[in-house]
């Protein structure tokens with residue numbers, strides 16, 4: 754009876770060591786991705802250094818699925834800049850261009866009106882009720898760079914969440930079955 | 109080490125790295141282009157100049173815009189977004205920028221143009237400070253690349269003045 758216990762024990766110990774190693778490797782990958790993301794947030798000064806273009810309101814310059822790199826500095830907002838902003842009460846950021854800027858003397862407080870290049874009207878309809886201007890606190894960043902098509906994965910994953918689950922399931926399977 | 113999975117993985121990683129590198133170089137090459145844009149704007153007519161019911165001044169102008177932005181186009185340019193903004197100062201605001209007209213220029217051939225239009229967007233002040241106001245008309249352009257960093261610059265044209273009385 755002793756050798757059964759021995760065999761079971763030896764099998765258990767191998768599996769645990771392997772499992773732990775794989776779990777730690779996975780954890781390392783996830784945390785290094787997180788470190789890179791947080792560093793990007795510090796360097797660019799905005800909470801979301803990279804956004805994916807979701808609507809066609811900036812065509813033909815920015816198409817759905819393009820990725821924009823954002824940067825936020827203390828420099829004042831000026832007309833023509835492409836800004837990414839959040840309206841109170843909505844959590845999807847909008848990427849449009851500033852067409853009117855009024856900056857107060859002394860305080861530097863600024864009123865901004867935006868419009869999508871491909872839209873016929875300005876964004877007053879998108880702002881909250883009774884709001885006619887955007888202020889600095891609404892603006893998350895200015896777009897400074899751009900990569901085409903890279904964002905399609907994010908769009909597919911958010912519009913068809915089943916793809917997300919399939920991907921994570923496949924990744925999990927790969928990790929478990931890989932021999933090293 | 110020689111299974112299909114490993115090879116596909118290595119190939120994919122390499123391809124993506126090279127692609128990112130090419131995009132970065134393409135964007136970097138934009139720094140070396142020699143840019144000599146030119147523009148002229150004339151105000152042909154002040155169509156009307158009124159004070160709105162809630163106290164803000166509004167003016168409607170007809171502009172004649174001539175520009176040659178062909179030198180801004182590089183091989184990495186997707187489009188150039190050009191707009192004309194009226195810029196002026198008031199006692200309440202240190203800077204006001206009001207966009208009067210904009211256009212998307214998708215190709216180099218269309219970047220040399222002459223256009224006569226009235227302002228596309230309403231020229232409304234925050235207040236009633238526009239009578240007799242001196243202002244600049246600035247042609248701004250934003251170059252949107254096929255990949256990489258976006259550039260922007262402007263030409264400031266000064267010496268414009270609104271009439272002293274409403275009409």
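Protein chains in written order, with our numbering: chain Y, 754 to 933; chain P, 109 to 275. For every residue, glycine included, the Cβ atom is placed at its ideal position computed from N, Cα and C.
Query, Result
"Within-8 Å CB hit, residue 900/Y to chain P", "yes"
"Contacts of residue 256/P in chain Y (Cβ-Cβ under 9 Å)", "898, 899, 900"
"Neighbour flag for residue 814/Y against chain P, beta carbons, 8 Å", "yes"
"Chain P contact residues for residue 831/Y, given Cβ-Cβ distances below 8 Å", "205"
"Within chain P, partners of residue 805/Y - CB distance below 8 Å", "Going along chain P, no residue has its Cβ under 8 Å from residue 805/Y, so there is no contact; the nearest lies around 15 Å."
"Distance cut-off 7 Å: residue 840/Y Cβ against heavy atoms of the ligand SAH", "Within the structure as shown, the ligand SAH is missing, as the structure has no ligands at all."
"Strand pairing of residue 251/P, partner residues [DSSP]", "188/P, 259/P"
"Residues of the segment 829-860 of chain Y whose Cβ lies closer than 7 Å to any Cβ of chain P, in chain order", "831, 832, 833, 852, 853, 854, 855, 856, 857, 858"
"Contact between the segment 898-908 of chain Y and the segment 793-810 of chain Y (3+ Cβ pairs under 8 Å)", "yes"
"Residue from 833/Y, 757/Y, 794/Y whose Cα sits closest to the Cα of residue 850/Y", "833/Y"
"Residues that residue 870/Y contacts on chain P, provided the C-beta gap is smaller than 7 Å", "189, 212"
"Counted within 10 angstroms of its Cβ, other Cβ atoms place residue 934/Y as buried (16 or more) or exposed", "Lying before the first or after the last residue shown, residue 934/Y is absent from chain Y, which here runs from 754 to 933."
"Beta-carbon spacing of residue 232/P, residue 209/P below 8 Å", "no"
"Contacting residues, own chain, Cβ-Cβ under 6 Å from residue 237/P (five flanking each side not counted)", "198"
"Between the CA atoms of residue 917/Y and residue 940/Y - distance to the nearest angstrom", "Examination of residue 940/Y is not possible in this model, given that chain Y is present from 754 through 933 alone."
"Cβ contact check for the segment 257-264 of chain P and the segment 201-219 of chain P: 3 or more pairs under 8 Å", "no"
"Element boundaries [beta strand (DSSP E), containing residue 171/P]", "165-176"
"CB contact below 8 Å: residue 265/P versus chain Y", "no"
"Residue 270/P at chain Y interface by Cβ criterion, 8 Å", "no"
"Own chain, CB closer than 7 Å to residue 829/Y, minus 5 neighbours either side, in chain order", "856, 861, 863"
"Spatially closest choice to residue 162/P from 124/P, 272/P, 234/P, by CA coordinates", "234/P"
"Spatial distance of residue 273/P from residue 267/P (CA atoms)", "18 Å"
"Contact list for residue 114/P against chain Y, beta-carbon separation under 8 Å", "Result: empty, since nearest Cβ-Cβ is about 10 Å, beyond 8 Å."
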